[in-house]
Amino acid sequence: MGILRSLGSGSGAFEGSDLEGCGAGPATCTAAVQSAAWPFRQPARPARLVREIQEHSLKLDAVRLRPLRQQMASFLKVPTSFEDDEDDASKAEDDEIPRPPDSPLNNLAKFRSKHARTQDGYLCAAAGVKDEQAFTGCTDLPAPDGTNIGRKWCYIEPAQVETAGKEWGWCRAALLVPHRASGRGSARCPATEAWTGWPDIVDGDGQLDEDGQKYLNSHNYSLKSLLHGTKPKQSWEFGSNVARACDCTIAVVATFAVSMGAFLLPWALAILCVLTAGYIIGKLACSMFILVLSVLVGKIHKNQHERAVVFWSWFPCWKFLLCCVGCLAGALTGHQLWQNYWQQYSDISLLKAYHGIDPSVVPGSQIQDSGAVDFVSASVDSEHGGCFMNAGTTYCVAPIVANGTIHHSVGGAPRYGSFDYFAVGVDCCSCPNINFRCGAWRHPWAEGGIRSTDLEARPFFRLAVDEWASTYRKTSNHPLFFEWVESPVAHWKSLRRQFLHRLLLALVCCIGIVMAFTLTLARLLQALVVHGFASPLNVPAPPDGFETAWARFLPEMLESYKESQLQQNAPSFAESPESYYGAVDTSSTSSA
7 MGILRSLGSG SGAFEGSDLE GCGAGPATCT AAVQSAAWPF RQPARPARLV REIQEHSLKL
67 DAVRLRPLRQ QMASFLKVPT SFEDDEDDAS KAEDDEIPRP PDSPLNNLAK FRSKHARTQD
127 GYLCAAAGVK DEQAFTGCTD LPAPDGTNIG RKWCYIEPAQ VETAGKEWGW CRAALLVPHR
187 ASGRGSARCP ATEAWTGWPD IVDGDGQLDE DGQKYLNSHN YSLKSLLHGT KPKQSWEFGS
247 NVARACDCTI AVVATFAVSM GAFLLPWALA ILCVLTAGYI IGKLACSMFI LVLSVLVGKI
307 HKNQHERAVV FWSWFPCWKF LLCCVGCLAG ALTGHQLWQN YWQQYSDISL LKAYHGIDPS
367 VVPGSQIQDS GAVDFVSASV DSEHGGCFMN AGTTYCVAPI VANGTIHHSV GGAPRYGSFD
427 YFAVGVDCCS CPNINFRCGA WRHPWAEGGI RSTDLEARPF FRLAVDEWAS TYRKTSNHPL
487 FFEWVESPVA HWKSLRRQFL HRLLLALVCC IGIVMAFTLT LARLLQALVV HGFASPLNVP
547 APPDGFETAW ARFLPEMLES YKESQLQQNA PSFAESPESY YGAVDTSSTS SA
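Below you can see the structure in the form of structure tokens.
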């Protein structure tokens with residue numbers, strides 16, 4: 007076989023009779039090849055023995071393997087890559103077998119022919135797309151028994167056989183994976199030849215060839231791209247990375263949105279938002295509780311299951327934490343939007359707009375339902391204001407009067423004898439030395455006000471007016487409080503515009519930040535899998551009595567466990583090809 011030439015070491019010479027059993031059938035051939043290949047796993051021997059072994063390997067290109075080759079090629083419907091340089095009859099029979107130029111096996115054989123080392127490993131069925139990340143040489147070809155389970159088969163390196171081989175369930179005994187030796191023909195055992203497509207990326211000098219370098223780059227994961235912003239070398243697998251990130255992002259953004267809605271929507275819808283946010287966080291909290299309880303009760307974090315626990319608890323833990331943060335951030339954002347924009351806009355929309363009001367003629371009692379008021383020839387007398395301090399907060403008032411100045415004489419008072427219109431603000435004046443600096447106080451064309459809707463500040467504004475009245479010996483029977491603006495109606499409309507702008511900005515920022523963070527989490531999880539700290543394989547069974555809880559709160563983990571059980575109970579590879587290909591008729595071999 008090609009393995010006899012591809013290995014560069016051996017323990018001694020052997021005779022051609024060592025493989026005489028290959029004429030009796032595939033099982034005998036496999037056993038003979040394995041026994042013959044065993045010496046080459048020993049330490050290096052003199053070059054003379056190696057040359058002697060290579061000479062004997064050429065003698066194996068005989069008709070004794072012809073029946074197996076024909077039967078294997080007929081079963082797989084694709085040609086095997088047997089090369090009989092010394093037997094013309096064997097070449098003629100090979101030419102009779104159809105060889106599609108673009109068949110998968112031919113393509114694998116062409117790629118394999120570039121490499122010259124032999125490896126022993128395990129052939130395992132991938133449990134899903136996520137399992138293909140940690141292993142190399144995956145293929146879509148059917149199993150040697152013709153079974154197609156809808157999953158890729160991957161080649162596991164010898165160093166990983168002890169752990170991964172046991173976890174996968176459909177892994178079988180070490181398969182000889184012969185690769186073509188340089189420059190000479192080889193005979194290969196058909197039971198293994200049909201499944202040699204896994205690349206040997208290291209050449210004889212221990213250096214990576216071009217194909218091997220490309221293959222290694224596609225399965226190389228590093229944190230350098232996260233720290234330095236370099237483009238990642240590997241391609242993204244939608245199912246294992248982006249899908250998890252999107253699922254987590256949707257949950258977090260939904261929690262953020264409904265938490266904002268609880269402050270901005272009417273009472274009925276606000277209660278519904280609170281219940282929705284509670285349901286999302288409550289379900290995630292139950293998932294975390296079931297997971298922690300399963301780990302403690304079933305002790306599934308010990309021994310061979312600890313990597314699976316890390317993998318399957320990664321996103322549930324982060325999703326729960328991010329949803330809690332999203333709920334808090336949404337509540338704070340909604341409260342700020344309500345207090346600064348939407349509350350005043352909603353309250354003013356329920357009131358009326360008045361134009362051309364003369365504060366010296368129209369008393370405040372006539373426009374108690376006013377929301378936006380345009381005054382005629384009136385302004386704020388910022389030099390004769392009042393104030394009131396409470397708990398470190400200064401509440402400021404200043405009268406809105408004709409010509410912008412109050413008169414100390416009786417004739418300067420309004421016709422109805424009361425000062426009812428005041429511009430107000432919070433922490434925008436000095437007290438007790440009055441210096442009113444609230445709103446558009448310095449704008450020369452500002453002649454209107456928006457009704458103050460701050461119910462908490464209104465009593466303190468009333469006390470400030472009383473202080474002002476006692477200071478200047480004036481009367482105020484029905485005071486109305488306004489925020490002094492340039493254009494009342496335009497200002498009212500701008501509240502809605504600013505509210506929508508900031509609401510949209512908050513949602514976009516939330517989606518972008520959470521999506522970037524969850525994609526980073528997916529990348530980190532992928533790196534943990536590659537470096538052996540986490541694994542989607544070897545999922546532990548749910549503890550007794552937890553099956554229903556897993557189905558409700560940990561469905562993905564339970565599904566992976568059931569899938570691994572199905573793989574373990576599925577038909578396995580035979581120790582010998584005879585159970586699949588039948589006994590081989592050796593009469594033709596004997597006659598030959």
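Residue numbers (the working numbering): 7 to 598.
All residues carry an ideal CB built from backbone N, CA and C; glycine is no exception.
Subject >> Cβ-Cβ distance between Ile287 and Phe326 below 9 Å >> reply: Start at 1 with the first residue of the sequence shown, and residue 287 comes out as number 281. Start at 1 with the first residue of the sequence shown, and residue 326 comes out as number 320. Yes; because the gap between Cβ atoms is below 9 Å, this pair is in contact.
**OP:** Quick one: measure Cβ to Cβ for Cys437 and Cys444, integer angstroms, because I've assumed they're closer than 8 Å.
**Re:** What you label residue 437 is simply residue 431 of the sequence shown in a count that begins at 1. What you label residue 444 is simply residue 438 of the sequence shown in a count that begins at 1. Rounded, the Cβ-Cβ distance is 13 Å, inconsistent with contact.
Original post:
Based on the DSSP secondary-structure assignment, which residues constitute the bridge partners of Gln336?
Top reply: Start at 1 with the first residue of the sequence shown, and residue 336 comes out as number 330. This sequence places Gly at residue 336; Gln is not what is there. In DSSP, Gly336 forms no bridge with anything.
Subject >> Of the residues Phe552, Ala397, Val514 and Phe539, the one placed nearest Arg313, counting alpha carbons only >> reply: As a working note, residue 313 is residue 307 in the sequence shown. Among Phe552, Ala397, Val514 and Phe539, the Cα nearest to that of Arg313 is on Phe539.
**OP:** Name the two residues that bound the continuous beta strand (DSSP E) containing His361.
**Re:** Indexing the sequence shown from 1 puts residue 361 at position 355. Element bounds for His361: Lys358 to Ile363.
**OP:** Have a look at Phe466, Val303, Lys289 and Ser500 and flag the residue whose alpha-carbon is nearest the alpha-carbon of Pro485.
**Re:** In the sequence shown, counting from the first residue as 1, residue 485 sits at position 479. Ranking the options by Cα distance to Pro485, first place goes to Phe466.
Original post:
Between Val379 and Pro494, which are expected to be in contact by the criterion C-beta below 8 Å, what is the C-beta distance as a whole number of angstroms?
Top reply: Translated into the one-based positions of the sequence shown, residue 379 becomes position 373. Translated into the one-based positions of the sequence shown, residue 494 becomes position 488. Beta-carbon to beta-carbon, Val379 and Pro494 are separated by about 6 Å, close enough to satisfy the 8 Å threshold.
Original post:
Which same chain residues, not among the five before or five after Ser593, have their C-beta less than 8 Å away from its C-beta?
Top reply: Translated into the one-based positions of the sequence shown, residue 593 becomes position 587. For Ser593, the pLDDT reaches just 49, beneath the cut-off of 50, and the residue's location in the model is therefore unreliable, although a value from the coordinates is still provided. Within the same chain, Ser593 has no close Cβ partners at all.
Subject >> Pick from Gly267, Val264, Ala463 and Arg457 that is closest to Ser376, judged by C-alpha positions >> reply: To locate residue 376, count along the sequence shown from 1; it is residue 370. Ser376 has its Cα closest to that of Arg457, out of Gly267, Val264, Ala463 and Arg457.
**OP:** Determine, using beta carbons only, whether Val248 and Ala470 come nearer to each other than 9 Å.
**Re:** One-based indexing of the sequence shown puts residue 248 at position 242. One-based indexing of the sequence shown puts residue 470 at position 464. No.
Original post:
In whole angstroms, what separates the C-alpha of Gly423 from that of Thr481?
Top reply: Position 417 of the sequence shown, counting from 1, holds the residue named residue 423. Position 475 of the sequence shown, counting from 1, holds the residue named residue 481. Their Cα atoms are separated by approximately 7 Å.
Original post:
Touching or not, the stretch 335–350 and the stretch 254–273, by the rule of three or more beta carbon pairs under 8 Å?
Top reply: Contact holds between the stretch 335–350 and the stretch 254–273, because three or more Cβ pairs, one in each stretch, are under 8 Å apart.
**OP:** Pick out whichever of Ala408, Leu509 and Arg558 has its Cα sitting closest to the Cα of Asp364.
**Re:** For this step, residue 364 is matched to residue 358 along the sequence shown. That would be Ala408, whose Cα lies nearest to the Cα of Asp364.
Original post:
Can you pull the DSSP bridge partners for Gly454?
Top reply: Taking the sequence shown and counting its residues from 1, one reaches residue 454 at position 448. Bridge partners of Gly454: Asp380 and Val491.
Original post:
Do the stretch 253–269 and the stretch 511–518 touch if we need at least three Cβ pairs shorter than 8 Å?
Top reply: yes
Subject >> For Thr526, three-class secondary structure by DSSP >> reply: Looking up residue 526 in the sequence shown gives position 520. In this structure, Thr526 counts as helix in the three-state DSSP scheme.
Original post:
Which class does Arg190 belong to by DSSP, given the choice of helix, strand or coil?
Top reply: As a working mapping, residue 190 is identified with position 184 in the sequence shown. Only weak support exists for where Arg190 lies, its pLDDT of 35 falling under 50; the value from the coordinates is given anyway. Coil at Arg190, not helix or strand.
Subject >> C-beta atoms of Trp447 and Ala429 nearer than 9 Å >> reply: Counted from its first residue, the sequence shown places residue 447 at position 441. Counted from its first residue, the sequence shown places residue 429 at position 423. Result yes, Cβ atoms of Trp447 and Ala429 sit closer than 9 Å.
**OP:** Look up Phe428 in the DSSP assignment and give the residues it is bridged to.
**Re:** Within the sequence shown, numbered from 1, the residue matching residue 428 stands at position 422. Its beta-bridge partners are Pro405 and Phe487.
Original post:
Got a sec, what are the start and stop residues for the beta strand (DSSP E) Phe467 sits in?
Top reply: What you label residue 467 is simply residue 461 of the sequence shown in a count that begins at 1. Element bounds for Phe467: not the beta strand (DSSP E) but the alpha helix (DSSP H), Arg464 to Tyr478.
**OP:** Report the rounded CA-to-CA distance for Val520 versus Ala274, giving the unit in angstroms.
**Re:** Here residue 520 is taken as the residue at index 514 of the sequence shown, counted from 1. Here residue 274 is taken as the residue at index 268 of the sequence shown, counted from 1. So the two alpha carbons sit approximately 29 Å from each other.
Original post:
Does the separation of the CB atoms of Cys254 and Leu328 fall below 9 Å?
Top reply: For the purposes of this step, residue 254 is taken as residue 248 along the sequence shown, with counting starting at 1. For the purposes of this step, residue 328 is taken as residue 322 along the sequence shown, with counting starting at 1. Their beta carbons are under 9 Å apart, which means Cys254 touches Leu328 by this criterion.
Original post:
What residues in its chain sit with their C-beta under 8 Å from that of Leu356, if we drop five residues either side in the sequence?
Top reply: Position 350 of the sequence shown, counted from the first residue, corresponds to residue 356. Hits under 8 Å: Gly377.
Subject >> Boundaries (first-last residue) of the alpha helix (DSSP H) holding Phe559 >> reply: One-based indexing of the sequence shown puts residue 559 at position 553. Glu553 to Phe559 is the extent of the alpha helix (DSSP H) around Phe559.
**OP:** Could you tell me the boundaries of the beta strand (DSSP E) in which Gly392 lies?
**Re:** As a working note, residue 392 is residue 386 in the sequence shown. Per DSSP, Gly392 belongs to the beta strand (DSSP E) from Gly392 to Asn396.
Original post:
Taking Cβ positions, are Asn544 and Gln349 nearer each other than 9 Å?
Top reply: The residue labelled residue 544 in the question sits at position 538 within the sequence shown. The residue labelled residue 349 in the question sits at position 343 within the sequence shown. Contact: no.
**OP:** Using three-state DSSP, classify Leu270 as helix, strand or coil.
**Re:** Position 264 of the sequence shown, counted from the start, is the residue given in the question as residue 270. Looking at Leu270 - three-state DSSP - the assignment turns out to be helix.
Original post:
Using CA coordinates, which residue listed in Arg508, Phe552, Arg421 and Ala404 is at the minimum distance from Trp6?
Top reply: This structure does not reach residue 6, given that the chain is present from 7 up to 598, and the question cannot be answered.
Original post:
In terms of residue numbering, what span does the alpha helix (DSSP H) encompassing Tyr351 cover?
Top reply: Indexing the sequence shown from 1 puts residue 351 at position 345. Per DSSP, Tyr351 belongs to the alpha helix (DSSP H) from Gln349 to Ser355.
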